[in-house]
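In my numbering, the protein residues as written are 1 to 58. Glycine residues also receive a C-beta, built at the ideal position from the N, C-alpha and C atoms. Okay, structure first, notes after.
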Amino acid sequence: MNRIAKETLDETFSTSLSGASRDFAESASNIMFAFIFALLLIYRYLPHNLKVLKTRLL
Numbered sequence: 001m002n003r004i005a006k007e008t009l010d011e012t013f014s015t016s017l018s019g020a021s022r023d024f025a026e027s028a029s030n031i032m033f034a035f036i037f038a039l040l041l042i043y044r045y046l047p048h049n050l051k052v053l054k055t056r057l058l
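Here it is, written out as structure tokens:
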């Protein structure tokens, strides 16, 4: 919404989210942070775990 408002409205207008849309915008950013953090953890510890598994199987 912010991108579209910047493209179509003058600087004299302002917009803001309220209610459910504001809650959605806040939760979407929190979910994105959690997803990126989980990916970092997976790529940080997965190689170590695979190395340990490889040494145990051999």
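Beta-carbon spacing of residue i, residue j below 8 angstroms
i	j	result
A5	T12	no
Alpha carbon of residue i to alpha carbon of residue j, nearest angstrom
i	j	result
A28	I42	21 angstroms
T50	R56	What sits at residue 50 in the sequence shown is Leu, not Thr. Taking the straight line joining both Cα atoms gives about 10 angstroms.
L17	V52	49 angstroms
G19	L40	32 angstroms
K54	N30	36 angstroms
R3	L46	38 angstroms
Alpha helix (DSSP H) segment containing residue i, residue limits
i	result
E33	The sequence shown places Phe at residue 33, rather than the Glu named in the question. 20-57 is the extent of the alpha helix (DSSP H) around F33.
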